[in-house]
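Per our numbering, the very first residue in the sequence shown carries number 2; after that it's consecutive.
First comes the structure, then the notes that go with it.
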Amino acid sequence: IWQVSNYWQSQLRKILRKYNLTLNEYLIIESIQYLSKNKNKLNQIEISIFSGLDISVSSVTFKLLEKKNLITRNIEEDNRKKIIKMLSQGYNLYNEISPIIIKEESKIFEKLRDETYYFKNILKLLLGKSLRIKADKIL
2 IWQVSNYWQS
12 QLRKILRKYN
22 LTLNEYLIIE
32 SIQYLSKNKN
42 KLNQIEISIF
52 SGLDISVSSV
62 TFKLLEKKNL
72 ITRNIEEDNR
82 KKIIKMLSQG
92 YNLYNEISPI
102 IIKEESKIFE
112 KLRDETYYFK
122 NILKLLLGKS
132 LRIKADKIL
């Protein structure tokens, strides 16, 4: 698992380097993109939790993304909760990079063929997440 994870991350870092982004920055942008489909106000903590990054690592990453003019951070009612908004430059960058990342990930995991579904469930199980089992997959 460790070798696959390192290989996967190194392949993504090669792509992201061309766009002056770290893997953590991309994970935050990707999380904002996904979460903002269903919610208008996102705060740093929920984005951090969704991305799987440590809150202190995320905090530094949010500051970097703000300096790059990809997001804004605003304080609302609670001074400890910063509301995050992705700027159009952030959305444009995500929309440019995302298809390249998806293509690379597909290339990495295409060797699994029909086992991809089971592999994803095994990873979820290892992470302690609930599984979604389709009726046609149960034997």
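Beta carbons are placed, not taken as given, at the ideal position from N, Cα and C, and that holds for glycine.
Remember, it's a predicted structure, so these values are computed and weren't measured experimentally.
With 16 as the cutoff for other CB atoms within 10 Å, does residue i come out buried or exposed?
| i | result |
| --- | --- |
| Leu124 | exposed |
| Ile76 | exposed |
| Leu140 | Bear in mind that a pLDDT of 41 at Leu140, under 50, signals an unreliable position, so the model cannot answer this. |
| Phe120 | exposed |
Just to confirm the assignment, what range does the alpha helix (DSSP H) spanning residue i have?
| i | result |
| --- | --- |
| Asn39 | Unbroken run through Asn39: none, as it is neither H nor E. |
| Lys19 | Element bounds for Lys19: n/a, residue is neither H nor E. |
| Lys64 | Ile56 to Lys68 |
| Ile123 | Thr117 to Leu127 |
Inspect the beta-carbon positions of residue i and residue j and report whether they are closer than 9 Å.
| i | j | result |
| --- | --- | --- |
| Ile30 | Leu36 | no |
| Leu88 | Ile72 | yes |
| Leu66 | Glu26 | yes |
| Ile33 | Leu43 | yes |
According to DSSP, residue i sits in a beta bridge with which residue or residues?
| i | result |
| --- | --- |
| Arg74 | Ile85 |
| Asn96 | Answer is none; Asn96 lacks a bridge partner. |
| Asn44 | Ile84 |
Of the residues the options, which one's Cα is nearest the Cα of residue i?
| i | options | result |
| --- | --- | --- |
| Gln45 | Glu78, Lys82 and Glu97 | Lys82 |
| Asn70 | Leu94, Glu78 and Leu28 | Leu94 |
| Ile98 | Thr62, Leu24 and Lys130 | Leu24 |
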